[in-house]
Every structure is written in C-alpha cells, then in structure tokens.
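Number of protein chains: 2
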Amino acid sequence: MATDGEHVVRSYEQELKRLDTLLAEMGGVVENQVALAAEAIMSRDGEAATRAVELDPRADALEREVEHFVIRLLALRQPVADDLRRVVAALKIAGDFERIGDYAANVAKRSIVLDQFNLPLSLSALANMARLVQQNLKLVIDAVQQRDPDMAMQVWRSDQLIDDLYNTIFRELITYMMEDARNITPCTHLLFIAKNMERIGDHATNVAETVYYTAVGRPIEQARPKGDTSAYAVVRPEA
Amino acid sequence: MATDGEHVVRSYEQELKRLDTLLAEMGGVVENQVALAAEAIMSRDGEAATRAVELDPRADALEREVEHFVIRLLALRQPVADDLRRVVAALKIAGDFERIGDYAANVAKRSIVLDQFNLPLSLSALANMARLVQQNLKLVIDAVQQRDPDMAMQVWRSDQLIDDLYNTIFRELITYMMEDARNITPCTHLLFIAKNMERIGDHATNVAETVYYTAVGRPIEQARPKGDTSAYAVVRPEA
Numbered sequence: 000m001a002t003d004g005e006h007v008v009r010s011y012e013q014e015l016k017r018l019d020t021l022l023a024e025m026g027g028v029v030e031n032q033v034a035l036a037a038e039a040i041m042s043r044d045g046e047a048a049t050r051a052v053e054l055d056p057r058a059d060a061l062e063r064e065v066e067h068f069v070i071r072l073l074a075l076r077q078p079v080a081d082d083l084r085r086v087v088a089a090l091k092i093a094g095d096f097e098r099i100g101d102y103a104a105n106v107a108k109r110s111i112v113l114d115q116f117n118l119p120l121s122l123s124a125l126a127n128m129a130r131l132v133q134q135n136l137k138l139v140i141d142a143v144q145q146r147d148p149d150m151a152m153q154v155w156r157s158d159q160l161i162d163d164l165y166n167t168i169f170r171e172l173i174t175y176m177m178e179d180a181r182n183i184t185p186c187t188h189l190l191f192i193a194k195n196m197e198r199i200g201d202h203a204t205n206v207a208e209t210v211y212y213t214a215v216g217r218p219i220e221q222a223r224p225k226g227d228t229s230a231y232a233v234v235r236p237e238a
Numbered sequence: 000m001a002t003d004g005e006h007v008v009r010s011y012e013q014e015l016k017r018l019d020t021l022l023a024e025m026g027g028v029v030e031n032q033v034a035l036a037a038e039a040i041m042s043r044d045g046e047a048a049t050r051a052v053e054l055d056p057r058a059d060a061l062e063r064e065v066e067h068f069v070i071r072l073l074a075l076r077q078p079v080a081d082d083l084r085r086v087v088a089a090l091k092i093a094g095d096f097e098r099i100g101d102y103a104a105n106v107a108k109r110s111i112v113l114d115q116f117n118l119p120l121s122l123s124a125l126a127n128m129a130r131l132v133q134q135n136l137k138l139v140i141d142a143v144q145q146r147d148p149d150m151a152m153q154v155w156r157s158d159q160l161i162d163d164l165y166n167t168i169f170r171e172l173i174t175y176m177m178e179d180a181r182n183i184t185p186c187t188h189l190l191f192i193a194k195n196m197e198r199i200g201d202h203a204t205n206v207a208e209t210v211y212y213t214a215v216g217r218p219i220e221q222a223r224p225k226g227d228t229s230a231y232a233v234v235r236p237e238a
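Taken in sequence, the protein lines are chains X and B. The first sequence: position 89 = 88 (numbering that gives the first Met the number 0), numbered continuously. The second sequence: position 229 = 228 (numbering that gives the first Met the number 0), numbered continuously.
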C-alpha cells in the first residue's frame, strides 16, 4: 500500500511538472514568433515573417493541450491549496501566451506589406521597443518556470518603459504621415505593429502578475502604471 | 444524514447558479460599457464616455470575483465531468468579458479626443459596425445564461459581417487621411476605435466558442473565418 501511495504521489508530481513543461514549450514557441516578427520588421526578412505566421497553429494547439491537461488534472487529482492555484494559473498563462503569439503573427503579416514601401523613417525607436519586449518576455517565461516573484516584479516594473516608447513612436508616426501622404499606409501598419508590440508587453505583464500571485498568495499591491496614454494623443499638422 | 446530503447537493447547485449570476452581472456591465462607448462616438456624448471608463474597475472586480469563486468551488466541491467543464468555462468567459470592457473603455477615451476635431466624414459604417457588435454581445450573453449552442453558432457566424465592415472602414479612413493632413489625428483614433470594436466582436466569438464547447462537448468543427484582412491592406494616394 505504501508503494502504491508513493507511486500515486510521484505520478501526481509528474503531472504538475508536465504542466510546467507544456508552458515552457509554449513560451518557447511564442518567444520565437516574437523574435521572428521583430526580425521581419527590422531586416525586411520575408522568410522570418512567414515562419512567425506558420508557428501560430502550434501555439494554439499547445494552449488547447494545456486546457485539456488542466481539466483532466482537476478531475482526476482534485488538487487543493497551492497546487490548485498553480493549475488555474497555468490556464491563465497559456491564454496570455496564445495572445502573444497572435500579436506576433499579426506583426509579421504587416511586415510583408511594409516591404512594398520605401520607409522614409528610422525604425530605431521601434527596434528598441521590440528589444525591451523580447527581454521582458524571456524574463517572464523564466519566472514562470522558476515561480520567482522577484523576476515577475522586474517584468512588471519595466513595462512602463515599453509604454513610454510606444507613446513616442505613436506621435512620431503621425508626424511622418502629416509630412507626406505616401507615408500614410506604411505608417498606419507601423502604428498597429507598435501597438501589437505594446500589447505583447502587456500580456507579459499579465503573466508576471499571475506568477507573483501564485508564488506570494496575494496580488501585486501597487496599482499598475497606466502606460499607454496614446488614446488621448493629439498631434496637429504645422500651420 | 439524508437531509444533510440533500442540503449539500442543493447548496452546490446554488453555487453553480451563483457563478451564472456573476457572469450575467459581468456581461451586463460590459454590455453597458460598449453601449456607452458607442454613444460617446456617435452622439459626441462626453458624459457617456466618462461613464464607460468609470465602469471598468467594476468589470475588473467582477472578473476577480469569478476567479476567487471558481478556485473556492474547485477546492471545496471538486466538480467533475460537465460541472467541471462549466466551471472552467466560466473562468474563460470572465476573461473575455474583461477584455471587452477594456476595449470599450479605450474607445470611450478616444471619443473624448475626437470631440476636439471637426470630423469631415460620415460615421455610418462605424455606426453599423457598433450596432452589429452590440447585437452579437447581447446574444452571446444570453447564450451563456441559457447554455444554448445554437445561439452561440449564430454569434460565431455573424462575426464575419463585423470583420467585413472593419476592413471597409480601414480603407475609408486611410483615404480620408490622404485627402487632408488635418484628418490624420482624428482618423488614427477612429482606426483604433474600429479595431477595438472588431476585437470586441472577436471576444464575443471566443465566448460563443466556449459556450458551444461546454454545451456540445466538442469544438465548433468549421475553421473560424479569417475576418480581419486589414493587416495586408495597401492603399496608395492618387497620383
């Protein structure tokens, strides 16, 4: 009986580990999608764009796998307390990862359109933003695996920088559009690309909040900084 | 003992009903937010905009309440089979409702900026889109309460119309921007407003998929139509 009991306990632990493995795999896929999407924009690399889009069904399938696994685990193991919070957290994290993959695919699609235009502008602010987003995503994927609230807080705090860059890019792009009507279509796509990158940062922050809550047992106490102020932005053509 | 048993059963049923009540309340809040946001745009009603934004913390609090209630229910009742699927579905639906509230608040914020501009264009396509989105949202909230897969399918199918309207509006707005640089800032906000409305439609469709899956026990078999093709849109100024 003792052996049986141990066997059950070990196998339950293995199932919880399997959930971590699935999240690590899913995190790897969407991290790859974001890297490819950024490369597609910055290096005008159409092949990278295609690969970012082609990875999307894999991220979707992994989200479904996490969901099925969680429902099975809840039904068969009926976890309580910390384990239960960890299992429910996995569902939320998989949802955020799926959205990140979706946004990366959308960025990649728009990069294909951008290739048809001469871009008269520097993409350095966008490149900085993409770099910060990728750093935060990498860090939060590690925080998930290590259940580390300090790493989660670090992600949570640095999202503000991404939002500030987004607000700067928003105004820059509108100014370029005002200078020359031929910039309007490519800059509109760049607006949505920057917005998608900002959203990827937001979802990394959501994951950070989930990791923190699961590890510490209470939500992050500070109010989330309201980063994207572009909803209120007014830019007017020079008279 | 029999009385005790019955008491437990009844109280468990009441808890599941309480989950429905929470979702109904949350659906009501975000439906109200979307209606106020649409009114803010169409009637240039700043007070409606403020109310849409002010409702957002209520939607967020209800999502947290659903989450806490679900975790408590999983821990204490350890539901299985249909009940378990229903409880996990409630989590996902609350997540989609929360996003809908967020998008509505963002639309409302942008409407406040729009008030500073003379809009040289008809908002009739956007009004149509907002009407369809509200219809779908109302229908899917009912589908959740009635666990009705036919209503869910109806929502799922009509999302295509919303996406078609969005693609039309996207091209129209870019054309207006090319005509006059003074249109660029307001049209950029209108682009994001239309995109947010399209996303609200997407989240209503997500909820429809969850309702269908929970009721029927398998996902909707058709592939989801790829509605928003604007990522590939190219509009050029007339020579």
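Just so it is clear, CB atoms sit at the ideal spot from N, CA and C, and this is done for glycine as well.
Please list, in chain order, all residues of the same chain as residue 146/B whose beta carbon is under 6 Å from its beta carbon, the five residues on each side excluded.
-> 214
Would you kindly work out how many angstroms separate the C-alpha atoms of residue 131/B and residue 185/B, rounded to a whole number?
-> 23 Å
Counting along the chain, where does the alpha helix (DSSP H) carrying residue 64/B start and finish?
-> 55-76
Take residue 137/B as the anchor and find which of 26/B, 175/B, 13/B has the nearest alpha-carbon.
-> 26/B
Beta-carbon separation of residue 135/B and residue 230/X under 8 Å?
-> no
Of all the CB atoms in chain B, is at least one closer than 8 Å to the CB of residue 25/X?
-> no
Which full runs of the alpha helix (DSSP H) of 4+ residues lie inside the stretch 147-214 of chain B, going along the chain?
-> 148-178
Minimum Cβ-Cβ distance from residue 236/B to chain X less than 8 Å = yes
Pick helix, strand or coil for residue 22/B, following the three-state DSSP scheme.
-> helix
Where residue 180/X meets chain B, residues with beta-carbon distance less than 7 Å | 177, 236
Is there contact between the stretch 84-98 of chain X and the stretch 52-65 of chain X, where contact requires at least three CB pairs shorter than 8 Å?
-> yes
Check the Cβ-Cβ distances between residue 85/B and every residue of chain X, and say whether any is below 8 Å.
-> no
Going along the chain, which residues of its own chain have a beta-carbon closer than 8 Å to the beta-carbon of residue 86/B, five neighbours each way excluded?
-> 15, 18, 69, 72, 73, 78
Tell me whether residue 0/B is buried or exposed, calling it buried when 16 or more other Cβ atoms sit within 10 Å of its Cβ.
-> Interpretation of residue 0/B is limited by its pLDDT of 41, a score under 50 that renders its predicted location unreliable; the figure taken from the coordinates is listed afterwards. It counts as exposed.
DSSP three-state call for residue 117/B: helix, strand or coil?
-> coil
By a C-beta neighbour count over all protein chains shown, 10 Å radius and 16 as the cutoff for buried, is residue 2/X buried or exposed?
-> Per-residue confidence for residue 2/X stands at a pLDDT of 47, beneath the threshold of 50, marking its modelled position as unreliable; the derived number appears in the next sentence. Exposed.
Do residue 119/B and residue 31/B have their C-beta atoms within less than 8 Å of each other?
-> no
On a CA-only basis, which of 133/B, 49/B, 115/B is nearest residue 201/B? Give me that one, please.
-> 133/B
Selection of the stretch 49-79 of chain B by Cβ proximity to chain X, strictly under 7 Å | 70, 73, 74, 77, 79
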